[in-house]
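Start counting the sequence shown at 1; every next residue gets the next number (the numbering used here). No residue lacks a Cβ here, since even glycine has one placed at the ideal position from N, Cα and C. Below: the structure, in structure tokens.
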Amino acid sequence: MAERLSQKQNFLKGIITDNPVFVMLLGMCPTLGVTSSGFNGLGMGLATLFVLLMSNIVVSLVKSQIPAKVRIPAFIIIIASFVTIVEMVLEAFIPFLYEQLGIFIPLIVVNCLILGRAEAFASKNNLLSSIVDALGMGIGFTIALTVLGIARELLGNGSLFDIRLVSEDASTLILFILPPGAFIALAYLSLAFNKITKTT
Numbered sequence: 001m002a003e004r005l006s007q008k009q010n011f012l013k014g015i016i017t018d019n020p021v022f023v024m025l026l027g028m029c030p031t032l033g034v035t036s037s038g039f040n041g042l043g044m045g046l047a048t049l050f051v052l053l054m055s056n057i058v059v060s061l062v063k064s065q066i067p068a069k070v071r072i073p074a075f076i077i078i079i080a081s082f083v084t085i086v087e088m089v090l091e092a093f094i095p096f097l098y099e100q101l102g103i104f105i106p107l108i109v110v111n112c113l114i115l116g117r118a119e120a121f122a123s124k125n126n127l128l129s130s131i132v133d134a135l136g137m138g139i140g141f142t143i144a145l146t147v148l149g150i151a152r153e154l155l156g157n158g159s160l161f162d163i164r165l166v167s168e169d170a171s172t173l174i175l176f177i178l179p180p181g182a183f184i185a186l187a188y189l190s191l192a193f194n195k196i197t198k199t200t
């Protein structure tokens with residue numbers, strides 16, 4: 001019972017109290033680089049969630065077989081293997097998203113969120129706890145990227161998941177789909193998220 005409660009708290013921690021983007025500010029490269037639309041944010045979030053989940057599973061299973069001196073390189077090889085799978089699947093089945101995400105897909109290999117969870121959690125905990133941790137952190141990361149992408153797309157382009165909500169003649173704040181807009185939107189969303197989560 002106590003273990004189940006701990007796993008539930010660990011799951012919610014990744015989504016709320018230790019959200020990778022809005023609280024811990026991890027993975028800023030893809031967060032700021034690809035969230036010009038809700039679709040891009042969701043795609044990158046799900047790709048990262050898959051890699052995080054699978055790498056946590058493998059690290060948790062083989063941790064006792066990896067010598068301490070090569071622990072980090074071994075984790076990177078495991079992560080890179082799953083990133084390659086994601087890249088090949090996106091290129092084959094969702095080429096539009098593959099083109100949009102571009103170089104940020106292979107950069108998942110060095111995402112500090114994934115390597116950090118492998119080193120700090122999966123290598124020290126059992127399989128079930130590692131899965132719960134990966135799901136919590138991955139879902140939190142996906143939600144954050146999707147919300148940021150939606151906010152930027154709505155403000156900067158007047159659309160939602162590429163569906164136009166306002167006429168093309170309507171004025172939009174184009175700044176929000178440009179790189180500086182990513183910083184502004186992230187700052188305001190982080191402020192709002194932290195205020196809401198600390199008052200509930």
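Q) Under the three-state reduction of DSSP, which class applies to L113: helix, strand or coil? A) helix
(Q) Out of L127, G138, G181, which one is the CA nearest neighbour of E153? (A) G181
Q.
Strictly by DSSP, which residues pair up with L160?
A. I163
Q.
Could you check whether the stretch 29-36 touches the stretch 141-157, counting it as contact only if at least three pairs of C-beta atoms, one from each stretch, sit closer than 8 Å?
A. yes
Q: Tell me whether the beta-carbon of E119 lies closer than 8 Å to the beta-carbon of I72.
A: yes
Q.
Restricting to Cα atoms, I'd like to know which of S159, A185, L107 is closest to I170.
A. The identity of residue 170 in the sequence shown is Ala, whereas the question assumes Ile. Selected option, being the one with the closest Cα: S159.
Q: Identify, in the order they occur along the chain, each residue of the same chain with its Cβ nearer than 7 Å to the Cβ of V110, setting aside the five sequence neighbours on each side.
A: none
Q | Local Cβ density within 10 Å of T17, reported as buried at 16 or more and exposed below that | A | exposed
Q. Are the Cβ atoms of L113 and P20 separated by less than 8 Å?
A. yes
Q) With a cut-off of 8 Å, do at least 3 Cβ pairs link the stretch 37-45 to the stretch 192-199? A) The stretch 37-45, when compared against the stretch 192-199, does not touch it at the 8 Å Cβ threshold.
Q | Coarse secondary structure for D169, derived from DSSP in three states | A | coil
Q | Among N125, S6, L26, D133, nearest to L53 - alpha-carbon criterion | A | Shortest Cα-Cα distance from L53 to any of N125, S6, L26, D133 involves D133.
Q. By DSSP, does G140 sit in helix, in strand, or in coil?
A. Helix at G140.
Q: Helix, strand or coil for K124, going by three-state DSSP, please let me know.
A: Assigned with DSSP and collapsed to three states, K124 falls in coil, not helix or strand.
(Q) So, at 6 Å on beta carbons, what are the nonlocal neighbours of A47 in its own chain, with the 5 sequence-adjacent residues on each side left out? (A) V86
Q.
Spatial neighbours of A80 within its chain, please: C-beta separation below 8 Å, excluding the five flanking residues on both sides.
A. V109
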